[in-house]
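Here is the structure we will look at.
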Amino acid sequence: MLNAATTGHKRGDTRADGLRFWAYTHTKTGMWWVSPEKFLQLQEKRRVQRTIARRENPEPIRAAERARRRRNRDGYRARALFRKQQDPEKLRAYVRAARVKRLEEIRAYDRQRRARQIEKFRARDRARSPYKRAKRRGQQVALSPHQRKVLAAIYTARNRISTCMGVPFHVDHVVPMAKGGLHTPSNLQLLPWRINLQKGAKLVHV
């Protein structure tokens with residue numbers, strides 16, 4: 132039986148007489164060559180059929196696509212990087228459109244992921260809140276991924292100490308943000324809530 136391994140033809144290949152290869156068949160020639168116009172018609176028909184199949188029974192198609200991506204992960208990454216380098220704005224527009232189209236699905240997935248890792252997300256949100264205030268005041272610093280992890284660890288430690296001691300602890304800025312202090316790990320300390328409230332925005336090292 133003729134196939135790509137024996138003949139080397141792929142869909143879309145053009146012959147010397149202008150015909151384009153579409154598929155292998157069980158006919159006498161074993162190959163189906165069509166005119167360029169017919170090739171475009173068949174492409175459009177196939178696209179419509181795949182769209183209908185996706186709508187009627189999406190899970191098997193998605194599973195097949197995921198399996199194909201796993202088998203050829205490096206190839207997909209290389210093509211994605213090439214498209215990003217060629218026309219980054221076009222890729223951004225495509226990603227935005229895809230997010231809008233699947234917005235509810237993405238939000239549902241995010242809610243499920245947050246529910247599974249609620250403590251991790253709470254620690255991250257608490258670490259980001261002062262950083263957002265610093266950004267509004269123009270005191271933000273570009274933090275490295277390691278520094279962000281340290282910030283999250285400080286807030287997690289604050290929660291554990293509060294639970295163990297039975298006294299609420301606050302994450303305090305050694306140099307208050309009101310005095311120009313930065314929201315960085317080196318400018319943070321853990322204080323009992325009462326001491327932190329007494330300290331306020333004063334430049335006092337406790």
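FYI, in our numbering the residues of the sequence shown are 132 to 337.
Ideal Cβ placement from N, Cα and C applies to all residues, glycine included.
Treat the numbers as computed from the prediction; the structure is a model and nothing was measured.
- Closest in alpha carbon position to residue 324, among 287, 301, 310, is 301.
- The count of Cβ pairs closer than 8 Å, one atom from the region 308-325 and one from the region 276-287, reaches three, so the stretches are in contact.
- Bounds of the alpha helix (DSSP H) holding residue 291 are 276-296.
- Out of 167, 201, 293, the CA that lies nearest to the CA of residue 149 is found in 167.
- In the three-state reduction of the DSSP assignment, residue 154 falls in the strand class, which pools E and B.
- By the criterion of a C-beta distance shorter than 6 Å, residue 315 is surrounded in its chain by 272, once the five residues flanking it on both sides are discounted.
- Judged by DSSP secondary structure, residue 241 falls outside any beta strand (DSSP E) and instead within the alpha helix (DSSP H) spanning 234-247.
- The beta carbon of residue 184 is closer than 7 Å to those of 192 in its chain, skipping five residues each way along the sequence.
- The Cβ atoms of residue 288 and residue 307 lie no closer than 7 Å to each other.
- According to the DSSP secondary-structure assignment, residue 320 is paired through a beta bridge with 303.
- A straight-line Cα-Cα distance of about 35 Å links residue 234 and residue 142.
- Residue 164 sits away from residue 154, with the two beta carbons spaced by 7 Å or more.
- DSSP, read as helix, strand or coil, puts residue 272 in coil.
- With respect to the 7 Å criterion, residue 328 and residue 310 are not classified as neighbours on the basis of their beta carbons.
- In this structure, DSSP gives residue 231 a helical state, which the three-state scheme calls helix.
- Going by beta carbons, residue 286 and residue 246 fall outside the 7 Å limit.
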